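Q: In our numbering, the protein residues as written are 6 to 626.
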């Protein structure tokens with residue numbers, strides 16, 4: 006029996022008391038009666054919606070201000086108060102909680118789109134316990150049911166008052182809070198590491214897009230490019246398709262991993278058909294994804310494997326295919342199920358150096374791979390080594406272009422000195438057509454039923470990233486006012502969740518939170534849209550710092566339209582895109598192990614959180 010279990014048995018042997026929120030305290034509202042002018046120059050600080058939404062424990066280091074009159078009656082936040090988001094586009098985002106876990110002498114007010122809750126007897130509660138409790142699955146399940154709405158969901162305080170919470174003795178609360186904090190600290194450490202690696206990518210991205218910087222140098226190690234032959238992959242390796250297995254024959258735990266249409270095993274089988282230490286390519290579903298198995302496995306029918314002759318190292322082939330993934334993705338047939346034809350692999354021309362050179366390259370790249378992906382050895386490695394770009398070295402080692410390698414520093418220096426002189430700057434309003442998105446009436450089912458036209462919301466970016474070819478929700482043609490927004494447009498969040506953007510590759514619509522920007526016809530041949538997409542990361546930051554602040558923040562569109570946008574020569578744009586694409590892929594490849602570990606630890610935390618907070622309710626009969 007654990008110390009916690011002993012404590013529960015000692016202090017509440019008959020179970021834990023449960024109470025509704027209306028029995029324990031009162032609700033209060035956020036700021037009222039405020040105009041846009043009140044948020045321009047303020048004499049008091051207020052807590053934003055996103056502060057509540059994003060932080061289980063409220064962040065007090067805030068800079069958002071509001072004007073509060075001398076005799077004005079507004080609710081101030083107090084220690085142990087619980088703050089809730091009052092509305093959102095989805096019920097699951099409603100009622101997200103944040104607890105004031107620190108004492109402060111400063112008066113803090115709450116935004117009008119959130120509300121607060123105050124215990125009648127706050128000394129009865131441990132604030133760390135509350136922080137975890139109100140984000141637990143048990144409480145979230147109750148809170149989500151309090152939200153009502155169609156296009157936007159709002160929390161019913163009457164329903165929220167009926168939410169029941171367990172109130173064990175404070176000694177038990179404290180114990181639980183400290184246990185759960187230990188789990189979150191582990192997750193926070195890993196998240197910080199992941200953030201640091203992503204900042205590395207962002208640094209290089211922004212560095213390249215800072216066109217005032219004239220001092221760029223590159224260092225590329227010398228590479229021996231002698232005795233390299235270029236051959237069709239189909240001429241030096243037999244490309245085999247795996248064999249189908251029935252899903253019902255698979256186990257979820259025991260046997261050999263089965264690879265079908267993704268790099269995650271479909272399940273586990275009692276037999277194997279491929280040996281350990283071999284590369285495979287997914288042929289359908291996640292078509293073009295490349296895997297490597299260190300153990301024996303079963304390759305299913307949507308999985309390509311390679312029988313290599315004695316001139317080709319399987320691990321070398323894996324790294325080589327990783328460097329050619331763009332080629333594979335471009336050859337994927339887009340249909341209901343994406344497919345990679347075998348011929349695309351067979352026709353791929355690859356460099357084949359002597360086997361000893363392949364082995365040396367594998368040793369180098371394996372060290373970087375282990376450094377960047379192995380949780381036991383990679384993370385403790387010194388920070389300077391971690392900064393080495395795995396994919397950058399991989400692609401360089403596999404280029405076998407001696408001339409490019411030996412002269413790249415000189416070329417890059419000359420290019421940097423000349424590119425700045427060729428930059429043209431245009432205002433946003435001169436360069437782009439701007440239109441606002443909108444939401445067709447939800448009351449008209451004919452606008453939504455069996456819709457085929459993508460209609461984008463912030464949830465699409467959160468779920469599927471910043472380059473989108475389809476949306477979660479769709480509308481019908483009769484819901485469209487005028488014309489659709491054209492493909493290869495940028496959508497930019499200029500209200501609500503400000504500072505997010507996406508490149509939309511299909512004709513579409515979006516909701517009213519987004520401004521659409523598509524390049525005017527006269528400049529369409531002067532811009533690479535992927536370059537535009539990358540530069541908008543800088544514009545995202547500009548938007549966050551240039552707001553019309555009122556009860557509902559929005560970007561200062563007058564300033565935005567006058568913002569200057571740089572147009573370097575197309576060749577330079579393409580170079581920037583190529584480099585940033587590599588760094589983007591680097592960031593994602595490096596992160597594969599880390600987010601998985603974060604997710605595993607998060608699930609571990611949630612398991613123990615919900616287990617610790619699942620008390621037997623005391624029977625009053």
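For each residue, glycine too, the CB sits at the ideal point set by N, CA and C.
Note that the coordinates shown come from a computational prediction; the quantities given were computed from them, not determined experimentally.
I need the DSSP call for residue 501, collapsed to helix, strand or coil.
A: Coil at residue 501, not helix or strand.
Q: State the DSSP-derived secondary structure class of residue 332, mapped to helix, strand or coil.
A: Helix, per DSSP.
Q: How big is the Cα-Cα spacing for residue 353 and residue 304?
A: About 22 Å.
Q: Applying the 10 Å Cβ sphere with the 16-neighbour rule, what's the burial state of residue 462?
A: When all chains shown are included, residue 462 counts as buried.
Q: Please work out which residues of its chain come closer than 6 Å, Cβ to Cβ, to residue 271, disregarding the five sequence neighbours upstream and downstream, and give them in chain order.
A: Counting only Cβ-Cβ distances below 6 Å, and skipping sequence neighbours, we find 263, 265.
Q: Excluding the 5 residues preceding and the 5 following residue 116 in the sequence, name in chain order all residues of the same chain whose CB lies nearer than 7 Å to its CB.
A: Contacts found: 35, 36, 51, 52, 53, 54.
Q: Tell me which same chain residues have a C-beta within less than 8 Å of the C-beta of residue 273, skipping the five on either side of it?
A: Within the same chain, residue 273 has close Cβ partners 255, 256, 257, 258, 259, 260, 261, 262, 263.
Q: Looking at residue 290 and residue 348, is the spacing between their C-beta atoms short of 8 Å?
A: Their beta carbons are not under 8 Å apart, which means residue 348 does not touch residue 290 by this criterion.
Q: Can you list, in chain order, the residues of its chain with a C-beta nearer than 6 Å to that of residue 608? Leave out the 5 residues immediately preceding and following it.
A: Nothing listed; no residue qualifies.
Q: Restricting to Cα atoms, I'd like to know which of 572, 19, 168 is closest to residue 146.
A: Of 572, 19, 168, the residue nearest in Cα terms is 168.
Q: Just to confirm before moving on: does the CB-CB distance between residue 489 and residue 512 stay below 8 Å?
A: Yes, these two residues count as a Cβ contact at 8 Å.
Q: Taking just the CA atoms, how far does residue 268 sit from residue 339?
A: About 19 Å.
Q: Assign residue 471 to one of three DSSP states: helix, strand, or coil.
A: DSSP places residue 471 in coil when its eight states are reduced to three.
Q: So what does DSSP say about residue 478, is it helix, strand or coil?
A: Residue 478: strand per DSSP, three-state reduction.
Q: Which two residues bound the contiguous beta strand (DSSP E) that contains residue 238?
A: No beta strand (DSSP E) contains residue 238, which is instead part of the alpha helix (DSSP H) from 238-241.
Q: If you draw a straight line from the alpha carbon of residue 297 to that of residue 284, how long is it in whole angstroms?
A: Distance between the alpha carbons of residue 297 and residue 284: 4 Å.
Q: Can you tell me the Cβ-Cβ gap for residue 508 and residue 538, rounded? I've got them flagged as a contact below 8 Å.
A: That pair is a contact at about 4 Å.
Q: Between residue 484 and residue 452, is the Cβ-Cβ spacing less than 8 Å?
A: Against a cut-off of 8 Å, the Cβ pair of residue 452 and residue 484 comes out as a contact.
Q: Just confirm the distance between the C-beta atoms of residue 86 and residue 123, as a whole number of angstroms; I'd bet it's less than 8 Å.
A: With a Cβ gap of about 5 Å, residue 86 and residue 123 count as contacting.
Q: Pick helix, strand or coil for residue 462, following the three-state DSSP scheme.
A: Correct three-state label for residue 462: coil.
Q: What whole-angstrom Cβ distance do residue 32 and residue 118 have, given they're in contact under 8 Å?
A: Rounded, the Cβ-Cβ distance is 15 Å, inconsistent with contact.
Q: Between the C-alpha atoms of residue 62 and residue 561, what's the straight-line distance to the nearest angstrom?
A: If I take the Cα positions, the gap works out to 31 Å.
Q: Check the C-beta distance from residue 104 over to residue 135 and give it rounded, since I have them as a contact under 8 Å.
A: Confirmed, Cβ separation roughly 5 Å.
Q: In angstroms with no decimal places, state the Cα-to-Cα distance between residue 282 and residue 180.
A: Answer to the nearest angstrom: the Cα atoms are 47 Å apart.
Q: Using CA atoms only, rank isn't needed, just tell me which of 18, 156, 517 is closest to residue 447.
A: Per the Cα distances, 156.
Q: Give me the Cα-Cα distance between residue 324 and residue 367, rounded to the nearest whole angstrom.
A: So the alpha carbons of these two residues sit roughly 8 Å apart.
Q: Since I believe residue 99 is in contact with residue 152 (beta carbons under 8 Å), could you give me their beta-carbon distance rounded to a whole number of angstroms?
A: Right, their Cβ atoms sit about 4 Å apart.
Q: Kindly indicate which three-state DSSP category residue 354 falls into: helix, strand or coil?
A: Reduced to three states, the DSSP call for residue 354 is strand.
Q: Which residue wins for smallest C-alpha separation from residue 519, given the options 350, 466, 475?
A: Selected option, being the one with the closest Cα: 466.
Q: Comparing C-alpha positions only, which one of 486, 133, 365 sits nearest to residue 107?
A: Closest by alpha carbon: 133.
Q: Strictly under 8 Å for the Cβ-Cβ distance: is residue 332 near chain E by that measure?
A: In the structure shown, chain E does not exist; there is a single protein chain.
Q: Taking residue 427 as the reference, give the member of 279, 531, 182 with the closest Cα.
A: Nearest C-alpha to residue 427: 531.
Q: For residue 383, count neighbouring Cβ atoms within 10 angstroms of its own Cβ and tell me buried if that reaches 16, exposed if not.
A: Residue placement at residue 383 cannot be trusted, given a pLDDT of 42 that sits under 50; what the coordinates show is reported in the next sentence. Residue 383 is buried by the Cβ-count criterion.
Q: Pull the bridge partners of residue 430 from the DSSP assignment, please.
A: According to DSSP, residue 430 bridges with 571.
Q: Suppose the cutoff is 6 Å on Cβ atoms and the five residues either side in sequence are ignored; what does the same chain contact list for residue 471 look like?
A: Correct list, in chain order: 507.
Q: Let's test the definition: count the other Cβ atoms within 10 Å of the Cβ of residue 517 and tell me whether it reaches 16, buried, or not, exposed.
A: Residue 517 comes out exposed.
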